[in-house]
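A.B. asks:
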Amino acid sequence: MKQSDYDVIVVGAGFAGLYQLYRLRQRGFRVKLYEAGAELGGIWYWNCYPGARVDTHVPMYEYGLEEIWSEWNWSERFPGWAELRRYFNFVDEKLDLRRDIQFSTRITGASFDEAGERWQIRTDQGETVSAKFFVPCLGFGTKTFIPEINGLGSFEGPCHHTAQWPQEGLSFAGKRVAVIGTGASGVQVAQEAAKDAAQLAIFQRTPCLALPMRQYKLDHETQAEWKRDYRERYARRRSTFGGFDFSLLPGSPTREEREAKYQELWDEGAFNFWIGTYMDVLTDETVNRTAYDFWRNRTLPRIKDPAVAELLAPKQPPYPFGTKRPSLEQGFFEIFNQDNVNLIDLNTDPIDAITPRGIRTRDQDMEFDIIVLATGFDAVSGGLTSIDMRDVNGRSLAERWAEGTRTYLGMATSGFPNLIYVYGPQSPSGFCNGPTCAEFQGDWVVQFLTDMRDRGVSRFETTEQAETVWGGIVQELAGRSLFPKANSWYMGANIPGKPREMLNYPGGLGFYLQQCDAVRDHDYEGFVLNGTPSASNDRGGGTGFIVSDMMVAPAAAQ
Ligand code: N01
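Here the working numbering runs 38 ahead of the position in the sequence shown, where the first position is 1.
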């Protein structure tokens, strides 16, 4: 067994982890990053299924670091996974990251050694490494979800979850393909399979209210022109709801104004129609219905068979529009007009079993060559709880969160000193563009760790009281929105037995960062440093927070 010591162990070579490595190294920390995949990219290493592409428009889904963007150009408005991998390699070339990364190594467990005030961190390679600070940057989709379906292991052909796709690829050409699940992954993989599969069966439980992506090619001249505004666009991300260069709109427009705005957002494509719309769409069910009807009226004419159209775009909304994350589609609804594609409604014809040759539902016995499980993730918290991480009393994080997630600022948990995570539960995570959070939340973490070191703090820990206050704010904000009305991964509702709770801070990135900065400005209120509560904790340990009005009224920051 090898033993190595670092100032900081970072986990995950996606946007957040690489940013931590880069910035912490600049501050003089001795950092090592561990990555389970064999290459850079995080989610883009694992999700290499046909059709996988980002659904955030250029130039939002990249670092706002001028040394990177000034020299990098994309080929499309929504780049595919292979181009994203090339981007990560370019970032590595520029920032010289690899020398401090150990690939193909999964962190399996960690415990805090009170005497030495260090984390002891175990890997699946039999190593134990020690670090003063432990910074998991796991993203929201580290832990895949595969439902328990009778006979799943008995299928004789290839059967893969979208996030565990074979690195060498798998062609659908001429094959009989089943896709289970119609979230963002299912929509993308189905669009691709429809092109050349002999037969494609799409198993749908809940319709996906997918929006037109409006993809287009990009040339260098266009991007050179755009780059004149990149500094402002990147700075603007900080004050928006989702970390994009647009945000939710305030106000109560007239019916005509609303329709005109919907049309404008619709034509723009990307996520504009979702989180560039009026805020009241996400808080008022009557208003929400106008957005749903707008979506349905434009979607129905694209599907020829009225029975299929009713399944894909039902008269009654399956959930309030936007409360499950929409996918951005490229001809998704048209594939159902093709002879090689059929839709199976799992509500009326549920899966009975997976068989060696295919899938048996209540009414049909179908043969397939390939089964695709596009069934999503134990999102946001599942990555953290799947590490056997122990608190100072020996209890695992999974046990501690069995009844519900408890965090302070979505970054720290009591009983886990010197642990701070990026893009975690109760931070904007699932509502926020990944690279934006990686940088802005990431900068806060880097400053926090730097302050701890420079102040000689060898042990920091948050308090149960601060967690209670923060968790209350997150759930209170969620209660003002329509998000709790959907069985989404935002609510933990896609995983059987997982507590139903809002897993992401729904007040918007702008407000979130204001809260974090206020905590820093109040001597890290809500933390205990070297055994001494922050001088501000007598304000109540976090009770001084402003409650974001992002979901109820126009935010000043907009
Ligand atoms: O997962 P999902 P995803 N039997 O949880 C169905 C990001 N992403 O991988 O809706 C049958 O959204 C489930 O049905 P239901 C993005 O943030 C981004 O697609 O629960 N079906 C649903 O249809 C996204 O939101 C991109 O009723 C079952 C599907 O499986 C997030 O990842 C691309 C089932 C799961 O959908 C997750 O998306 C891809 C069962 N037992 C993903 N269990 C980009 O473009 C679940 N389902 C950047």
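Every residue, glycine too, gets a C-beta built ideally from N, C-alpha and C.
#1: Pull the bridge partners of Trp157 from the DSSP assignment, please.
#2: Leaving out five residues on either side along the sequence, give the residues of the same chain with a beta carbon under 7 angstroms from the beta carbon of Lys132.
#3: In three-state DSSP terms, what is Asp45?
#4: Once DSSP output is grouped into helix, strand and coil, what is the label at Met404?
#5: Which residue marks the beginning of the alpha helix (DSSP H) containing Asp492, and which one marks its end?
#6: In angstroms, rounded to a whole number, what distance separates the CA positions of Arg243 and Ser574?
#7: Go ahead and pull the three-state DSSP assignment for Phe141.
#8: May I ask you to verify whether the region 413 to 426 touches the region 480 to 499, counting CB pairs closer than 8 angstroms and requiring at least 3?
#9: Cβ of Gly414 within 8 angstroms of any heavy atom in the ligand N01?
#10: Could you tell me the boundaries of the beta strand (DSSP E) in which Tyr72 lies?
#11: Using three-state DSSP, classify Arg252 as helix, strand or coil.
#12: Compare the C-alpha of Glu100 against each of Gly462, Pro473, Ala248, Val48 and name the closest.
#13: Rounded to the nearest angstrom, what separates Gln205 and Gln226 at their Cα positions?
#14: Once DSSP output is grouped into helix, strand and coil, what is the label at Glu114?
#15: Do Phe171 and Asn456 have their beta-carbon atoms positioned less than 9 angstroms apart in this structure?
#16: Within 10 angstroms of its Cβ, does Pro466 collect 16 or more other Cβ (buried), or is it exposed?
#17: Rounded to a whole number of angstroms, what is the C-alpha to C-alpha distance between Pro388 and Gly468?
#18: When the Cβ atoms of the region 368 to 376 are set against those of the region 343 to 353, are three or more pairs found closer than 8 angstroms?
#19: According to DSSP, is Ile511 part of a helix, a strand, or is it coil?
#20: Pair every Cβ in the region 404 to 420 with every Cβ in the region 208 to 219, then say whether three or more of these pairs are closer than 8 angstroms.
#21: Are the region 197 to 204 and the region 70 to 78 touching, with three or more C-beta to C-beta distances below 8 angstroms?
#22: Assuming Trp119 contacts Ala90 (C-beta within less than 8 angstroms), just tell me the rounded distance between them.
#23: When DSSP labels each residue in this structure, what does Glu230 get in the three-state scheme?
#24: Are the CB atoms of Ser277 and Thr290 within a distance shorter than 9 angstroms?
#25: Taking the alpha-carbon positions, what's the Thr315 to Arg497 distance?
#26: Taking 9 angstroms as the cut-off, decide whether the C-beta atoms of Lys213 and Ile408 are in contact.
#27: For Ser572, count neighbouring C-beta atoms within 10 Å of its own C-beta (all shown protein chains included) and say buried if the count is 16 or more, exposed if not.
#28: Go ahead and pull the three-state DSSP assignment for Cys554.
#29: Find out if the Cβ-Cβ distance for the pair Arg248, Ile240 is shorter than 9 angstroms.
#30: Does the region 315 to 331 come into contact with the region 510 to 530, if we say contact requires no fewer than three beta-carbon pairs (one atom in each stretch) closer than 8 angstroms?
#31: Can you list, in chain order, the residues of its chain with a C-beta nearer than 6 angstroms to that of Phe279? Leave out the 5 residues immediately preceding and following it.
#32: Taking 9 angstroms as the threshold (C-beta atoms), are Ser113 and Glu121 in contact?
#33: In this structure, how does DSSP classify Glu367 when only helix, strand and coil are distinguished?
#34: Could you tell me whether any non-hydrogen atom of the ligand N01 is closer than 8 angstroms to the CB of Ala222?
#35: For Gly453, which option in Gly432, Gly442, Glu539 has the closest C-alpha, if you only look at C-alpha atoms?
#36: On the premise that Glu441 lies in contact with Pro537, defined as a C-beta separation below 8 angstroms, what is that separation, rounded to the nearest angstrom?
C.D. replies: On the basis of the coordinates in this document:
#1: Phe150, Ala169
#2: Glu105, Ile106
#3: strand
#4: strand
#5: 472 to 492
#6: 49 angstroms
#7: coil
#8: no
#9: yes
#10: 69 to 72
#11: coil
#12: Pro473
#13: 17 angstroms
#14: strand
#15: yes
#16: buried
#17: 29 angstroms
#18: yes
#19: helix
#20: yes
#21: no
#22: 4 angstroms
#23: helix
#24: Note on residue identity: the sequence assigns Ser, not Thr, to residue 290. Not in contact: Ser290 and Ser277 (Cβ atoms no closer than 9 angstroms).
#25: 44 angstroms
#26: yes
#27: buried
#28: helix
#29: For clarity, residue 248 is Ala in the given sequence; the question names Arg instead. No, the Cβ-Cβ distance between Ala248 and Ile240 is not below 9 angstroms.
#30: yes
#31: Ser285, Leu286, Ile313, Gly546
#32: yes
#33: strand
#34: yes
#35: Gly432
#36: 6 angstroms
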